[in-house]
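Colleague: In this note's numbering, the protein residues as written are 33 to 573.
Cβ atoms here follow ideal geometry from the backbone N, Cα and C, with glycine treated the same way.
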Ligand code: AMP
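Structure (structure tokens):
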């Protein structure tokens, strides 16, 4: 027998409807690329998102299911795109502005974006590849200064586009399972892979992110979004904040330590988010230049890469700020696990408490994780037995975009994360390794395989293997281990980097090279990365 409850669709526009109905006067603050402060209310966000939705449909001819790209910083217009694009049934494809040109070109063509909304300061990055973007019909410029001009075809100013559109037409009707957002994640072979979120997955994720045991968002909070809006939809915070009535503060491109601290002070930020690299930098800046008055910041959600235990300890000890460590992936929307102390931990000495908080934490509601051993058995929850982490739930990927491959999925439908870890008897996950051949630097991916292939194309190189080495600021950096064709010849860093630059973003280039006579191999002749890591990644360089 079916339950007798309404079948009320869980859609993203209904999140904004709620924010408008219940918190119309809540503030939304943006520090714009030109450093000016912009502030308006949730009711403005609602009305302007509606205007945008109307303009998309009526001026640009956007249909349900079309892909619309955003190439933008964190600010109110990007939020209007979050809601307005979804509000007309289209898919909001947030493009990572830090990718190399070939990767950016690949993902725009792969997504078949029809229009791209681009910040004026980022226009040059698109101008250089625009001729290769087959499906893009036009560009809408955000935050254009007076007299701004661009070579991009069919460009129009954002404010002009929405100026005369009505702000009260109903959202386009969608099914809760319709696609509504897309992010690309790095593939191990170098080609990014698309992850397509649905209205339902986005809604449920936002609800759970808000919970007290998760990001604990409420109308009492002032939340600074330190995660770029192109990184897994800023971890769902822009949706959770509108649901819960938290004041949102967006820093656009001002992600360096000094402006960040300034924003925290001026805007009375009590919660924030970001990858470890940003928060390592902010900690160093605070230590060097202690704030005159205590920071209003109480809690920081850190994830995207492992938060060092010392960082968690130092923030608490020196500034009374609680770091909440979270783990997730683009494929998991992203929040999968998160570490908070529970009442039974009260009696523990502080060093033990830090150890727990440095774990990746417990699975959040709706999500299940398990550790699978090489022989297919499920590992016991003993905190020792490690294996690949598999995950399932309503906001976990079921298939990559335009892909039929089941390589990343178990036979019974769980997603294989490529992360390796343990789970203890209290259900806390600890990441111990990674099976995927990727390096994570400052929260951004570098494909070691793509680097190896490119380095080996250099005429002086016979063999090259690339591994991650720990870095105190970036978490990891790539190290290239190279065998030259002719041992007498030399290849200097600069020569190699110039050779690689057309295909890679600058941050992806190896900043250390070791020349060896031979790269250790496994029994099947593959580069033995485990051995290389033992040799070079354990602080020997
Ligand atoms: P992305 O899809 O770019 O968000 O990257 C997801 C990957 O980043 C995960 O599969 C992990 O390898 C890594 N990662 C994310 N959060 C953490 C964390 N808290 N600790 C360790 N690794 C993490």
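Is residue 119 helix, strand or coil by DSSP?
Modeller: In the structure shown, residue 119 sits in a helix (DSSP, three-state: H, G or I).
Colleague: Taking the alpha-carbon of residue 263 as reference, which of 180, 390, 129 has the nearest alpha-carbon?
Modeller: Of the listed residues, the one whose Cα sits closest to residue 263 is 129.
Colleague: At what residues does the beta strand (DSSP E) containing residue 462 begin and finish?
Modeller: Run containing residue 462: 461-466, per the beta strand (DSSP E) assignment.
Colleague: Any idea what DSSP makes of residue 280, helix, strand or coil?
Modeller: The answer is strand: DSSP assigns residue 280 an E or B state.
Colleague: Heavy atom of the ligand AMP less than 8 Å from the Cβ of residue 427, yes or no?
Modeller: No, the beta carbon of residue 427 sits no closer than 8 Å to any heavy atom of the ligand AMP.
Colleague: Roughly how many angstroms separate the alpha carbons of residue 202 and residue 490, rounded to a whole number?
Modeller: Their Cα atoms are separated by approximately 57 Å.
Colleague: Starting from the N-terminal side, write out each stretch of the beta strand (DSSP E) that is 3 residues or longer and does not extend beyond the segment 344-397.
Modeller: List check, beta strand (DSSP E) in window: 354-360, 367-371.
Colleague: If you follow the alpha helix (DSSP H) that residue 91 is part of, which residue opens it and which one closes it?
Modeller: Unbroken run through residue 91: none, as it is neither H nor E.
Colleague: Does the Cβ of residue 253 have 16 or more other Cβ atoms within 10 Å, making it buried, or fewer, making it exposed?
Modeller: Buried: at least 16 other Cβ atoms inside 10 Å.
Colleague: Between the Cα of residue 451 and those of 566, 532, 428, 463, spot the shortest distance and give me the residue it belongs to.
Modeller: Looking at the Cα atoms, 463 is the closest of the given residues.
Colleague: Tell me which residues share the same chain as residue 81 and place their Cβ nearer than 7 Å to its Cβ, disregarding the 5 neighbours each side in the sequence.
Modeller: The residues are 48, 112, 115, 116, 119.
Colleague: By how many angstroms is the C-alpha of residue 543 removed from the C-alpha of residue 256?
Modeller: Spanning the two alpha carbons is a distance of roughly 32 Å.
Colleague: Hey, could you find the ends of the alpha helix (DSSP H) residue 313 is sitting in?
Modeller: Segment 308-320, the alpha helix (DSSP H) holding residue 313.
Colleague: Between the C-alpha atoms of residue 403 and residue 456, what's the straight-line distance to the nearest angstrom?
Modeller: Each residue's Cα considered, the two are about 11 Å apart.
Colleague: Of the choices 260, 43, 488, whose alpha-carbon is the least far from that of residue 234?
Modeller: Closest by alpha carbon: 43.
Colleague: Curious, which full-length alpha helix (DSSP H) runs of at least 4 residues does the segment 127-185 contain?
Modeller: Runs found: 133-143, 155-159.
Colleague: Would the beta-carbon of residue 160 fall within 9 Å of that of residue 133?
Modeller: Closer than 9 Å, so yes.
Colleague: Rounded to a whole number of angstroms, what is the C-alpha to C-alpha distance between residue 546 and residue 520?
Modeller: Rounded to whole angstroms, residue 546 to residue 520 spans 15 Å at the Cα level.
Colleague: Could you give the uninterrupted runs of the alpha helix (DSSP H) lying entirely in the segment 208-259, keeping only those of 4 residues or more?
Modeller: Fully enclosed alpha helix (DSSP H) runs of 4 or longer: 231-242.
Colleague: Can you tell which of 534, 439, 485 has the C-alpha that lies nearest to the C-alpha of residue 514?
Modeller: Checked all of 534, 439, 485; the closest Cα to residue 514 is 485.
Colleague: Which class does residue 506 belong to by DSSP, given the choice of helix, strand or coil?
Modeller: Looking at residue 506 - three-state DSSP - the assignment turns out to be coil, as it is neither helix nor strand.
Colleague: Going by C-alpha distance, which of 372, 68, 105, 501 is nearest residue 258?
Modeller: Of the listed residues, the one whose Cα sits closest to residue 258 is 105.
Colleague: Compare the C-alpha of residue 157 against each of 231, 127, 325 and name the closest.
Modeller: That would be 127, whose Cα lies nearest to the Cα of residue 157.
Colleague: Below 8 Å, can you find three or more Cβ-Cβ pairs linking the segment 55-72 to the segment 278-285?
Modeller: These segments touch.
Colleague: Following a CB-centred definition, is residue 420 positioned closer than 8 Å to any heavy atom of the ligand AMP?
Modeller: Residue 420 Cβ: outside cutoff for every heavy atom of the ligand AMP.
Colleague: Work out the CA separation of residue 356 and residue 339 for me, nearest whole Å.
Modeller: Distance between the alpha carbons of residue 339 and residue 356 is about 9 Å.
Colleague: Residue 430: buried (16+ other C-beta within 10 angstroms of its C-beta) or exposed?
Modeller: Residue 430 comes out exposed.
Colleague: Roughly how many whole angstroms lie between the Cα atoms of residue 292 and residue 281?
Modeller: Spanning the two alpha carbons is a distance of roughly 11 Å.
Colleague: Rounded to whole angstroms, what is the Cα-Cα separation between residue 565 and residue 500?
Modeller: Their Cα atoms are separated by approximately 8 Å.
Colleague: Quick one: is the Cβ of residue 363 within less than 8 Å of any heavy atom of the ligand AMP?
Modeller: True, at least one ligand heavy atom lies under 8 Å from that Cβ.
Colleague: Beta-carbon separation of residue 86 and residue 215 under 9 Å?
Modeller: For residue 86 and residue 215, no; Cβs fall outside 9 Å.
Colleague: Tell whether a beta-carbon distance below 9 Å holds between residue 109 and residue 149.
Modeller: Yes, Cβ-Cβ distance for residue 109 and residue 149 is below 9 Å.
Colleague: Starting from residue 18 and walking both ways along the beta strand (DSSP E), at which residues does that stretch end?
Modeller: In the structure as shown, the chain begins at 33 and stops at 573. Residue 18 is therefore absent and cannot be evaluated.
Colleague: Mind checking whether residue 477 and residue 218 have CB atoms under 9 Å apart?
Modeller: In this structure, residue 218 lies closer than 9 Å to residue 477 by Cβ.
Colleague: Between which two residues does the alpha helix (DSSP H) containing residue 484 stretch?
Modeller: Where residue 484 is concerned, the enclosing alpha helix (DSSP H) stretches over 480-488.
Colleague: For the ligand AMP, I want to know if residue 264 counts as a neighbour, meaning its beta carbon is within less than 8 Å of at least one of the ligand's heavy atoms.
Modeller: True, at least one ligand heavy atom lies under 8 Å from that Cβ.
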